[in-house]
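Remarks on the structure that follows.
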Amino acid sequence: MLDLQGYGPRLIEGAGVTVQLAVLSLLLAVALGLLTATAKMSRNWFLHRTATLYTTLIRGVPDLVLMMLLFYGGQIGVNAISDILYYDFEIDLYINFNAFAAGVLTIGFIFGAYMGETFRGAFMAVDNGQIEAGKAYGMSSGLVFRRIRFPQMMRHALPGLSNNWMVLLKTTALVSVIGLTDMVRVAAEASRATHEPFVFLIPVAVAYLLIASVSEWIFARLQKRYDIGFGEH
Amino acid sequence: MPDISAWFNDLLSGNLIFTPTTLGYYWTGLVTTSQLVFLSLVIGLVMAVPLAIMRSSRRKWISLPVYVYTYVFRGTPLLIQLYIIYYGVVFFDGIQESFFWPIFREAFYPALIAFTLNTAAYTTEIFRGAIKATSKGEIEAARAYGMSQGLMMRRIIIPSAFRRALPAYGNEVIFMLHASAIASVVTLMDLTGAARYVYSRFYTPFEPFLFVALIYLCLTFAILFFFRFLEKKLLAHLKPQTP
Amino acid sequence: MKKLLSVSLIGLAVAAASSAQARDYDHVRIGVDVPYVPMEYRTPEGDLTGFDIDLGNAMCEEIGVTCEWIEQEWDGIIPGLLSRNYDAVMSSMTINDERRQQVLFSDPYITMPSAWFAPSNLDISEANEETLEGLTIGVQRGTLQDNYVTDNYSSVADISRYSTADDMVLDLDAQRLDIVFLDFPIGQSTLVENEDGDYTIVGEQISEPKEYFGDGFGIAFRQRDEALAEKFNEALATLKEDGTYDEIHARYFGEE
Chain L
1 MLDLQGYGPR
11 LIEGAGVTVQ
21 LAVLSLLLAV
31 ALGLLTATAK
41 MSRNWFLHRT
51 ATLYTTLIRG
61 VPDLVLMMLL
71 FYGGQIGVNA
81 ISDILYYDFE
91 IDLYINFNAF
101 AAGVLTIGFI
111 FGAYMGETFR
121 GAFMAVDNGQ
131 IEAGKAYGMS
141 SGLVFRRIRF
151 PQMMRHALPG
161 LSNNWMVLLK
171 TTALVSVIGL
181 TDMVRVAAEA
191 SRATHEPFVF
201 LIPVAVAYLL
211 IASVSEWIFA
221 RLQKRYDIGF
231 GEH
Chain G
234 MPDISAWFND
244 LLSGNLIFTP
254 TTLGYYWTGL
264 VTTSQLVFLS
274 LVIGLVMAVP
284 LAIMRSSRRK
294 WISLPVYVYT
304 YVFRGTPLLI
314 QLYIIYYGVV
324 FFDGIQESFF
334 WPIFREAFYP
344 ALIAFTLNTA
354 AYTTEIFRGA
364 IKATSKGEIE
374 AARAYGMSQG
384 LMMRRIIIPS
394 AFRRALPAYG
404 NEVIFMLHAS
414 AIASVVTLMD
424 LTGAARYVYS
434 RFYTPFEPFL
444 FVALIYLCLT
454 FAILFFFRFL
464 EKKLLAHLKP
474 QTP
Chain F
477 MKKLLSVSLI
487 GLAVAAASSA
497 QARDYDHVRI
507 GVDVPYVPME
517 YRTPEGDLTG
527 FDIDLGNAMC
537 EEIGVTCEWI
547 EQEWDGIIPG
557 LLSRNYDAVM
567 SSMTINDERR
577 QQVLFSDPYI
587 TMPSAWFAPS
597 NLDISEANEE
607 TLEGLTIGVQ
617 RGTLQDNYVT
627 DNYSSVADIS
637 RYSTADDMVL
647 DLDAQRLDIV
657 FLDFPIGQST
667 LVENEDGDYT
677 IVGEQISEPK
687 EYFGDGFGIA
697 FRQRDEALAE
707 KFNEALATLK
717 EDGTYDEIHA
727 RYFGEE
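Residue numbers (the working numbering), protein chains in the order written: chain L, 1 to 233; chain G, 234 to 476; chain F, 477 to 732.
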């Protein structure tokens with residue numbers, strides 16, 4: 001049998017970190033994506049430009065470089081603010097920019113740009129007539145969003161969303177490089193200590209495949225739900 | 234020439250972080266990144282064509298192994314693949330004495346192997362999609378001409394699949410460029426490696442990481458424009474014709 | 477919907493800035509990069525130990541504060557201090573001018589030469605430009621050894637930089653590296669003593685020029701924490717006087 005040489009519990013803990021990191025980043029990315037998509041479709045020149053700049057810049061730079069920039073730079077930025085408070089106002093505020101939060105913010109921020117494109121495409125695919133119909137019924141714009149635009153948009157967005165999620169899941173492995181103890185980091189550490197890389201790295205690879213397969217199944221269920229009323233597939 | 238270098242030194246004087254030395258590191262980094270990405274893409278592409286044909290085969294024993302390969306390499310992080318290859322190879326007994334050691338000793342080749350296997354898996358799936366989407370009409374026309382299966386592959390299916398795969402493949406190239414940033418994890422001095430070095434020497438994250446981010450951005454745009462240009466050339470016949 | 481989004485975004489931002497509190501240092505968090513035998517490492521049971529750890533704990537006791545050790549990789553150890561992930565760094569950090577611009581150092585608590593280590597079958601007796609030519613040298617990224625080797629030998633040899641000393645030893649074992657440049661006691665205990673005769677020191681221990689090798693190891697603080705650094709300096713002086721320091725030193729480096 002597989003002998004994890006006492007690293008088993010830490011590997012499972014690491015897997016927990018990976019999953020939490022991925023899910024929280026996804027939530028942030030979806031939120032940012034919706035905002036970006038809305039901004040991109042807005043008639044406001046400034047909003048439109050800002051959103052375009054955001055998606056272009058983020059998608060042009062490697063995840064790892066952005067992560068290092070935000071992680072190391074973010075710390076210094078927080079530090080600068082805190083120093084100003086200390087020297088000019090004598091407020092000694094301690095702000096802890098912890099690695100996990102930094103990871104969630106970074107990955108969420110990166111994938112928000114990709115989600116923005118996905119959602120924009122999906123919003124545009126919603127038939128305008130339906131929205132007009134909603135308005136004609138006297139629905140408020142919030143209600144139109146909740147009852148008509150969002151559910152219909154989701155149908156079109158799901159394939160892209162699922163795709164982004166798969167990439168995001170694999171991207172979480174990069175946090176091990178900046179020092180967060182996810183399962184990749186535990187496995188790398190254990191392989192160095194025991195000189196047996198396969199024993200630790202292969203189970204972690206399998207864990208990624210498992211998580212991917214489970215999420216594929218969930219997305220298929222969701223797609224079925226949002227496809228209701230559009231015939232069998 | 235002395236004028237230029239004097240001007241250059243003048244420009245850099247008083248700047249701790251952008252010295253001729255660190256700029257030299259960025260340059261080496263750019264060269265390493267370009268070599269790594271270019272070679273892995275070319276070899277990956279060459280591998281992907283036969284693999285995609287096998288993957289499209291109706292015979293299970295041909296298509297299944299390729300499916301397993303693409304599933305595993307697309308489903309796991311490249312970082313893990315790199316670790317397995319980099320750390321894994323040295324634990325084969327006697328590898329150090331073997332003929333392969335000069336290759337695996339350098340960090341460059343394990344990284345190249347990992348990147349190549351990864352991009353080949355993605356490219357295989359892109360091509361398979363493109364092959365699958367070949368229109369029935371084209372195939373029927375080829376059959377009507379009496380083309381053999383092989384000839385039809387070579388003359389009809391592959392060329393048209395190439396064109397259809399172009400936009401998706403362009404994305405894969407950009408993806409590979411970005412993914413190559415992890416090479417610094419196994420001591421390679423690629424662009425990101427250069428930035429990490431400068432950062433850890435001077436403790437200033439903004440200058441080095443923003444600088445290489447800018448270089449990556451330029452490379453990304455260059456690739457993007459190259460593929461736009463290719464698409465325009467190769468897909469011109471699909472555009473609506475203006476009389 | 478939008479309101480919901482902005483509320484959850486603010487929530488995340490607050491989570492990132494998890495705890496806001498004033499510091500009065502009855503509890504000092506010390507950043508450390510492990511393993512770095514014999515300065516800081518974990519026993520097989522998982523307990524943190526080593527010269528830095530024992531001395532640091534003794535100092536904290538002397539000052540009358542509680543100490544907590546926080547692990548951090550070398551790459552990010554100074555940024556981590558500046559961003560208050562911990563309040564001090566005691567991790568075999570050499571005092572030098574580049575670092576003085578970023579942090580405040582205590583008085584040096586030990587001086588430590590560096591040295592070259594190589595497999596016993598590498599046939600050189602001294603490391604210089606000629607003997608190192610064409611070899612692959614391993615160093616830990618961002619250390620003074622990195623700076624020294626980079627500035628002096630990058631034109632003749634290949635330099636591989638590692639995030640941890642462990643990675644480096646692994647690649648030395650794998651024969652990817654020909655020679656490494658390390659703090660002397662670390663090389664001595666991880667390579668020479670642990671690997672039964674496979675590795676040996678090359679040439680003499682090196683502690684000049686001062687420009688690279690500095691004034692010994694110091695505890696790093698944020699520049700504003702002058703009062704805290706002063707307390708540690710006083711504690712160090714007391715421990716040196718009452719013999720505790722010598723006792724800890726003997727525990728890890730033997731009797732002089």
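Don't be surprised by glycine CBs; every beta carbon is placed ideally from N, CA and C.
Where in the region 571 to 643 of chain F do unbroken runs of the alpha helix (DSSP H), each at least 4 residues long, occur, reported from the N-terminal end onward?
573 to 576, 620 to 629
Identify whether G694 (chain F) lies in helix, strand or coil by the three-state DSSP scheme.
coil
Extent of the continuous alpha helix (DSSP H) run through D722 (chain F):
720 to 729
Mind checking which residues open and close the beta strand (DSSP E) that includes I676 (chain F)?
The sequence given here places Thr at residue 676 (chain F); Ile does not occur at that position. First-last of the beta strand (DSSP E) with T676 (chain F): 675 to 682.
Neighbour flag for G179 (chain L) against chain F, beta carbons, 7 Å:
yes
Could you tell me which chain G residues have their CB closer than 8 Å to the CB of P197 (chain L), listed as they occur along the chain?
Y316, I317, Y320, G321, F324
Which class does Y562 (chain F) belong to by DSSP, given the choice of helix, strand or coil?
coil
DSSP state of L524 (chain F) mapped onto helix, strand, coil:
strand
Helix, strand or coil: how does DSSP classify V504 (chain F) here?
strand
State the beta-bridge partners of C543 (chain F) as determined by DSSP.
Within the DSSP secondary-structure output, C543 (chain F) pairs in a beta bridge with F:V504.
Simplified DSSP assignment, three categories, for V656 (chain F):
strand
Ends of the alpha helix (DSSP H) at F479 (chain G)?
Because chain G in this structure spans residues 234 to 476, residue 479 (chain G) falls outside the shown range and cannot be described.
In the DSSP assignment, what residue or residues form a beta bridge with E516 (chain F)?
According to the DSSP secondary-structure assignment, E516 (chain F) is paired through a beta bridge with F:Y512.
How many Å lie between R291 (chain G) and D643 (chain F) at the Cα?
46 Å
Measure the C-alpha to C-alpha separation of A564 (chain F) and I662 (chain F) and round it to an integer number of angstroms.
22 Å
Could you tell me which chain L residues have their CB closer than 9 Å to the CB of I328 (chain G), listed as they occur along the chain?
Result: empty, since nearest Cβ-Cβ is about 13 Å, beyond 9 Å.
Quick check: A212 (chain L) and M183 (chain L), are their CB atoms within less than 7 Å of each other?
no
What separation, rounded to the nearest whole angstrom, lies between the Cα atoms of A415 (chain G) and M422 (chain G)?
According to the sequence shown, residue 415 (chain G) is Ile rather than Ala. Their Cα atoms are separated by approximately 10 Å.
So, do the region 50 to 58 of chain L and the region 111 to 125 of chain L have three or more beta carbon pairs nearer to each other than 8 Å?
Judged by Cβ distances under 8 Å, the region 50 to 58 of chain L makes contact with the region 111 to 125 of chain L, as three or more pairs qualify.
Give the range of the alpha helix (DSSP H) segment to which I359 (chain G) is assigned.
341 to 365
Under 7 Å (Cβ pairs) to chain F, residues found in the region 395 to 428 of chain G:
The region 395 to 428 of chain G vs chain F, Cβ under 7 Å: T420.
For P310 (chain G), name the three-state secondary structure that DSSP assigns.
coil
From Q497 (chain F) to V504 (chain F), what does the alpha carbon distance come to, in whole angstroms?
Caution is warranted here: a pLDDT of 36 is assigned to Q497 (chain F), below 50, making its placement in the model unreliable, and no coordinate value can be reported.
How far does the alpha helix (DSSP H) with P165 (chain L) in it extend, from its first residue to its last?
Note that residue 165 (chain L) is Trp in the sequence shown here, rather than Pro. That run of the alpha helix (DSSP H) goes 150 to 171.
When the Cα of G673 (chain F) is compared with those of F:P595, F:E537, F:S631, F:N709, which residue comes out closest?
F:P595
Proximity test, Cβ basis, 7 Å: E702 (chain F) and chain L
no
If you check the beta carbons only, do Y432 (chain G) and P438 (chain G) fall under 7 Å apart?
yes
Relative to the C-alpha of Q5 (chain L), which residue among L:A207, L:P159, L:A193, L:F71 is closest?
L:A193
Under 7 Å from the C-beta of I58 (chain L): neighbouring residues of chain F:
In chain order: nothing, as chain F lies at least about 17 Å away.
Closer than 7 Å to chain G by CB, R652 (chain F):
yes
Selected residue, minimal CA-CA separation from F395 (chain G), among G:Y320, G:V419, G:S381, G:A363:
G:A363
Output yes if chain G places a C-beta closer than 7 Å to the C-beta of Y208 (chain L); else output no.
Output row for Y208 (chain L): interface = yes.
Counting only C-beta atoms, is R149 (chain L) closer than 7 Å to chain F at any point?
R149 (chain L) does not count as touching chain F.
Which residue's Cα is closest to the Cα of T612 (chain F): F:V656, F:D722, F:G730, F:N533?
F:V656
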